[in-house]
Every structure is written in C-alpha cells, then in structure tokens.
Ligand SMILES: [Zn+2]
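In the working numbering, the protein residues as written are 10 to 87.
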C-alpha cells in the first residue's frame with residue numbers, strides 16, 4: 010500500500026491516487042502513524058493484508074488496542 014503526499018489518504022495501488030489523482034505516492038511502511046477518518050484515533054501500522062490495515066491504536070486514556078480497518082478509512086499522519 011501507499012499514501013498520497015497530497016490528500017494523505019491511503020491507496021492500495023501505486024501510480025495514481027484514487028481519491029485526488031495525485032501521482033506522488035509513497036510506500037506505506039510498517040509502524041507508520043495513521044489517523045482513522047472521522048475520528049481522533051491515531052495508530053501505527055502493524056500489518057497490511059489485501060484491503061485491510063491492522064493498527065495498534067492508543068486512545069485518549071492511553072489504552073492500547075488492535076483493530077483492523079479498510080485502507081479507505083485511514084489517512085497518513087505526517
Ligand atoms: Zn490523494
């Protein structure tokens with residue numbers, strides 16, 4: 010998977026961003042910080058499989074938990 014340097018969305022395939030058509034995409038690496046769209050949740054990438062990204066999330070109360078999201082629900086934190 011990749012992230013878009015313009016809209017910061019996560020995209021599955023390299024080449025062109027499926028959300029804003031930017032062509033400057035970078036590889037999404039393990040341990041990269043991401044944000045869950047529409048929430049204040051932030052996590053780090055633990056595992057990437059097909060359309061899903063498993064995150065280690067730390068909430069406001071500093072609890073840690075693991076949850077899987079579709080890549081479409083995520084945004085890269087720069
Ligand atoms: Zn984009």
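Even for Gly, the Cβ is constructed at its ideal location relative to N, Cα and C.
Query, Result
"Which residue from 80, 69, 83, 13 puts its Cα closest to that of residue 34?", "13"
"For the beta strand (DSSP E) containing residue 62, list its first residue and its last residue.", "61-67"
"Could you name each continuous beta strand (DSSP E) segment of 3 residues or more that falls completely within the stretch 19-77, going from the start of the chain to the end?", "34-36, 42-45, 51-58, 61-67"
"Under 8 Å between C-beta atoms, does residue 72 make it to chain B?", "The chain inventory of the structure shown lacks chain B, comprising one protein chain alone."
"How big is the Cα-Cα spacing for residue 17 and residue 69?", "23 Å"
"Going by C-alpha distance, which of 22, 66, 26 is nearest residue 55?", "66"
"If you measure from each CB to the nearest heavy atom of ligand 1 and keep those under 6 Å, what residues do you get, in chain order?", "13, 15, 16, 18, 26, 28, 29, 31"
"Under the DSSP definition of a beta bridge, which residues are partnered with residue 84?", "18, 44"
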